[in-house]
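Taken in order, these protein sequences are the chains called A, B, C and D.
The first sequence begins at 10 in our numbering and counts up by one.
The second sequence begins at -7 in our numbering and counts up by one.
The third sequence begins at 15 in our numbering and counts up by one.
The fourth sequence begins at 1212 in our numbering and counts up by one.
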Amino acid sequence: MHRPLLIAAALALTGAALTFAGTALAQTKSAADGIAEYRRMLEDGNPAELFEAKGEDLWKQKRGPKNATLQACDLGKGPGVVKGAFVELPRYFADTQKVQDLESRLVSCMATLQGFNAAEIAATPFGRGEQNNVTALATWVAGESRGQRFNLPQGHEQERKSYEIGKRVFFFRGGPMDFSCASCHSVDGQRIRLQDLPNLTKNPGDGVGFAAWPAYRVSNGQMWSMQLRLNDCFRQQRLPYPGFGSDVTVSLSTYMGVNAKGAQSIAPGLKR
Amino acid sequence: MKNSTPLIASLLLAAGCAALPSSQDLDREALVAIKAAFRDEGIAKINRIQQDLGQAACSSDKQPTDAVADQVMAQARAGVKWPTGGQYFGDWREGEKLAQNGRGMTWTDSSTAPAANGGSCYNCHQISKQEISFGTIGPSLYNYGKNRGVGDVMAPTAQPIVEYTWAKIYNSKAYSACSNMPRFGHAGVLDEKQMAHLMSLLLDPKSPVNQ
Amino acid sequence: MQTRREMIAHSAQVAGLLAAAGLLPTAAQAAWSQAAFDARTLADATKALGGSAPIESKDVTVTGPDIAENGAVVPVACATTLPGVKRLLLLVEKNPSVLAAVFDVSDAVDATFSTRVKMGQSSNVFAVAMMADGKVLYAAKEIKVTLGGCGG
Amino acid sequence: MADPMRIRAQAAGDKTTVRVLMNHEMETGQRKDTAGKTIPAWFIQEVTALHNGKTVLTAQWGPSVAKNPFLQFAVKGAKAGDKITINWLDNRGDKRSDEATVT
Chain A
10 MHRPLLIAAA LALTGAALTF AGTALAQTKS AADGIAEYRR MLEDGNPAEL FEAKGEDLWK
70 QKRGPKNATL QACDLGKGPG VVKGAFVELP RYFADTQKVQ DLESRLVSCM ATLQGFNAAE
130 IAATPFGRGE QNNVTALATW VAGESRGQRF NLPQGHEQER KSYEIGKRVF FFRGGPMDFS
190 CASCHSVDGQ RIRLQDLPNL TKNPGDGVGF AAWPAYRVSN GQMWSMQLRL NDCFRQQRLP
250 YPGFGSDVTV SLSTYMGVNA KGAQSIAPGL KR
Chain B
-7 MKNSTPLIAS LLLAAGCAAL PSSQDLDREA LVAIKAAFRD EGIAKINRIQ QDLGQAACSS
53 DKQPTDAVAD QVMAQARAGV KWPTGGQYFG DWREGEKLAQ NGRGMTWTDS STAPAANGGS
113 CYNCHQISKQ EISFGTIGPS LYNYGKNRGV GDVMAPTAQP IVEYTWAKIY NSKAYSACSN
173 MPRFGHAGVL DEKQMAHLMS LLLDPKSPVN Q
Chain C
15 MQTRREMIAH SAQVAGLLAA AGLLPTAAQA AWSQAAFDAR TLADATKALG GSAPIESKDV
75 TVTGPDIAEN GAVVPVACAT TLPGVKRLLL LVEKNPSVLA AVFDVSDAVD ATFSTRVKMG
135 QSSNVFAVAM MADGKVLYAA KEIKVTLGGC GG
Chain D
1212 MADPMRIRAQ AAGDKTTVRV LMNHEMETGQ RKDTAGKTIP AWFIQEVTAL HNGKTVLTAQ
1272 WGPSVAKNPF LQFAVKGAKA GDKITINWLD NRGDKRSDEA TVT
């Protein structure tokens, strides 16, 4: 059976639905207020603090085959400089000749300074073994730039290229549900269920989007770094599995980080 | 950097002044990066990054040209499969459950069969008034049938909206080339029965949507 | 080699056996009121703690959000300004075991405690004050738990 | 051994507000793992707080307390430089004790 579709009639009727969307918005104002109240109540005492403390210990601890600390690690502002490093990542590193985000850079330092096997760590599932330590380290390093404003360097050709690749990844549609990052994050003021969706094609504001991760997820009681955040975004997009520290995840971070220029970092944040 | 690189070029590189590849080259490089970065995990196989015409056309911050958009919509309309035996409707209660259910098709799900999937409708739409946790990416569907004057869903006057709604659920791109909504029938996310339940949720006068 | 999960399961079993045989250190056992935490209603929980039937009172406060974005972590607090309070309790009516926490109030602390509880579904949350004179007073607040995220 | 707690104790006027974050799974015993096996209950049962070595609070918790628990209370008469100690004991007999100085 194959009948013609009466598009015109259907389109005419869509107008009515839009009018009603306005009413719906007004009715759920109180729900949004309720959620805001809930989030405020959780602000004091973010369990991310537990991971910050662990990360700081790990930074100063002699570990790995070389029994060394990470205190000589160059996160972009010189060996051992932690404060302010997070809000300038991802950036280009001459020694690895790559644009790296915080976590892939930490893994490089763990490899060169402590003698860990970088490929092995990258292949370790989130939440296990050394990946847990990378997350804790990233949480602490991010926390050391709390209150600072994002200002990713774009001077190097590779940094500008990373931005351009990241932008294309952001808009890449695929999978059985046709989702891209842009499906949910390219318009102001939208939400999924009751969760606000930051518009990541521009600076979404202080402490929003890129400026809120790593974050403690209350829904599962886990600390999530940006790599895991993006990994789960791709899972929800119904795409296959992105490699840890791959060009796709790092360039996406460059795209979001550059767009967030001037946004104040509140990381480590607290999320649903 | 290779030794053979002329000094002037290396100076430019060091200063970060080298020109970026062209936009088309960057498009190609992005696809190469995507192919290299993703791997199979569970039911989420690498072939999911292979784009069809519509996915590729709607993968930038610019809308496709009218000609391409028309082609995407025409293909989508031509591919809509109408329900077997004209069974457009099911049970709105089952439809509500599907609308609430946002699961399925991720690498942590064990099967791609429609039975394992939800419709994820509340993620993006207001639907019944009782559910306050709804998204706003799509328009409100509250009173969807009522606003369109649907009383008896079997009445001939209801036929156009019944068909429009079925086709929209089956392949949202039939009406909008870059619609954010999944193509539930086309992509095999939901089966005919499940789509019929969603039809009832939206159009049945007894459904909470139309109260 | 045992995995961590197996070890956890194993030690839990051992603990269970020891507990059944009354072999666990008494410090860990004596103070924790099994019967109260097994209770399925507010009245049963207070009864198991040696209290009388609970009466609603304006002098007891329960604080929490109207809506919880996620039931896994819901900030709640209990308080009273009444003198002679011995214990403050927090309960979640629709959880499998209603009692969440018992705080013994001493002269050295304010009778105000904040913590975070899990809620399986929208429910009343109770704050209960058990008084020196045997009275049991309570306050209730409904907290809605919403479904969130992409659902997966 | 369990990871350390985070304790903040801040004096204001004649009392000190204590905020504690504890590292603990707080497993309810109601959940199943991916293989369908029930994950055994594992949660903090007892919490005690001491001010300069003297017990000021004892609490009993059930599995309804959220993972990585948070606790806030106020100690009367505690002032800057005083010690606040928090102990917990879980249903498997694991325990942890941490101390903070009032600021």
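Here a beta-carbon is modelled for each residue, glycine too, at the ideal position from N, C-alpha and C.
Note that the coordinates shown come from a computational prediction; the quantities given were computed from them, not determined experimentally.
According to DSSP, is residue i helix, strand or coil?
i              : result
residue 30/A   : With a pLDDT of 39 at residue 30/A, under the threshold of 50, the predicted position of this residue should be treated as unreliable, though the coordinate-derived value follows. It is helical.
residue 1301/D : strand
residue 152/C  : strand
residue 126/B  : coil
residue 1231/D : strand
residue 106/B  : helix
residue 1243/D : strand
residue 135/B  : coil
residue 20/A   : Summary for residue 20/A: the model assigns pLDDT 37, below 50, so the residue's position carries little reliability; its value from the coordinates is reported in the next sentence. Here residue 20/A sits in helix by DSSP.
residue 96/C   : coil
residue 167/B  : coil
residue 103/C  : strand
residue 210/A  : coil
residue 152/B  : helix
residue 148/A  : helix
residue 99/B   : coil
residue 74/B   : coil
residue 33/C   : At residue 33/C, the pLDDT of 43 sits below 50, so the modelled position is not reliable; the number obtained from the coordinates is stated separately. Note: residue 33/C maps to helix in three-state DSSP.
residue 264/A  : helix
residue 144/C  : strand
residue 52/B   : coil
residue 1277/D : coil
residue 280/A  : strand
residue 41/C   : Confidence at residue 41/C is low in this model, with a pLDDT of 43, below 50, so the placement of that residue should be treated as unreliable; the coordinate-derived value is given next. Of the three classes helix, strand and coil, the one that applies to residue 41/C here is helix, per DSSP.
residue 111/A  : helix
residue 124/A  : coil
Check the Cβ of residue i against every Cβ in chain A and list those closer than 7 Å, keeping chain order.
i              : result
residue 168/C  : Any question about residue 168/C goes unanswered here, given that chain C covers just 15 to 166.
residue 52/C   : What residue 52/C touches in chain A: nothing, since even the nearest Cβ is about 25 Å away.
residue 1215/D : 62
residue 1284/D : By Cβ distance, chain A contributes nothing, its closest Cβ being about 12 Å from residue 1284/D, past 7 Å.
residue 174/B  : 186, 187
By DSSP's criteria, residue i is part of a beta bridge. Which residues make up the other side?
i              : result
residue 1308/D : 1298/D
residue 1256/D : Per DSSP, none; premise fails for residue 1256/D.
residue 50/A   : According to DSSP, which records beta bridges pairwise, residue 50/A is partnered with nothing at all.
residue 95/A   : None, per the DSSP bridge assignment.
residue 137/C  : 157/C
residue 204/A  : 201/A
residue 232/A  : 225/A
I believe residue i touches residue j by the beta-carbon criterion, under 8 Å. Please report the beta-carbon distance rounded to the nearest angstrom.
i              : j              : result
residue 223/A  : residue 235/A  : 7 Å
residue 96/C   : residue 59/C   : That belief does not hold up - the Cβ atoms of residue 96/C and residue 59/C are roughly 20 Å apart, past 8 Å.
residue 1297/D : residue 1267/D : Incorrect: roughly 11 Å between the Cβ atoms, too far for contact.
residue 147/A  : residue 122/A  : Rounded, the Cβ-Cβ distance is 16 Å, inconsistent with contact.
Any heavy atom of the ligand ATP within a distance shorter than 7 Å of the CB on residue i?
i            : result
residue 39/B : Absent from the structure shown: the ligand ATP. Ligands present: none.
Check the Cβ of residue i against every Cβ in chain C and list those closer than 7 Å, keeping chain order.
i              : result
residue 1257/D : 45, 46
residue 139/A  : Going along chain C, no residue has its Cβ under 7 Å from residue 139/A, so there is no contact; the nearest lies around 15 Å.
So residue i contacts chain D; which residues on that side make the cut at Cβ distance below 7 Å?
i            : result
residue 88/A : By Cβ distance, chain D contributes nothing, its closest Cβ being about 28 Å from residue 88/A, past 7 Å.
Using the beta-carbon of each residue, which ones in chain D are nearer than 9 Å to residue i?
i             : result
residue 118/C : 1268, 1269, 1270, 1271
residue 87/C  : 1277, 1278, 1279, 1281
Which bits of chain C does residue i rub up against, with CB to CB less than 8 Å?
i              : result
residue 1287/D : 121, 122, 123, 124
In chain A, what lies closer than 9 Å to residue i by C-beta?
i             : result
residue 106/B : In chain order: nothing, as chain A lies at least about 11 Å away.
residue 75/C  : Result: empty, since nearest Cβ-Cβ is about 14 Å, beyond 9 Å.
Does any residue of chain F bring its CB to less than 8 Å from the CB of residue i?
i             : result
residue 201/A : Protein chains in the displayed structure are A, B, C and D, and chain F is not among them.
Chain A partners of residue i, CB-CB under 8 Å?
i            : result
residue 99/B : 244, 249, 250
Give me the chain B residues within the contact set of residue i, using Cβ-Cβ distance strictly less than 7 Å, ordered along the chain.
i            : result
residue 40/A : 124
Exercise for review: Using a Cβ-Cβ cut-off of less than 7 Å, list which residues of the region 92 to 116 of chain C approach chain D; keep chain order.
Suggested key: 106, 109, 110, 111, 113, 114, 115, 116
Practice item. Report the residues of the region 126 to 152 of chain C with a CB closer than 9 Å to any CB of chain D, ordered along the chain. Key: 126, 127, 128, 129, 130, 131, 132, 133, 134
Review point. Quick one, which residues of the region 1263 to 1275 of chain D are near chain C if we go by CB-CB under 8 Å, in chain order?
Key: 1265, 1266, 1267, 1268, 1269, 1270, 1271, 1272, 1273, 1274, 1275
Practice item. Give, in chain order, every residue of the region 1226 to 1246 of chain D whose Cβ lies closer than 9 Å to some Cβ of chain A. Key: 1230, 1231, 1232, 1233, 1234, 1236, 1237
Check your understanding: Of all the residues that make up the region 165 to 198 of chain A, which are near chain B by a beta-carbon distance shorter than 7 Å?
Key -> 165, 166, 169, 170, 173, 174, 177, 178, 180, 181, 182, 183, 184, 185, 186, 187, 189, 192, 193
Point to revise | Short-range partners of chain A found in the region 31 to 52 of chain B, where Cβ spacing is below 8 Å | key: 31, 32, 33, 36, 37, 38, 40, 41, 42, 43, 46, 47, 48, 50, 51, 52
Point to revise | Members of the region 245 to 264 of chain A that neighbour chain B once the beta carbon cut-off is set at 9 Å | key: 245, 246, 247, 248, 249, 250, 251, 252, 255, 256, 257, 258, 260
Point to revise | Short-range partners of chain B found in the region 99 to 130 of chain A, where Cβ spacing is below 8 Å | key: none
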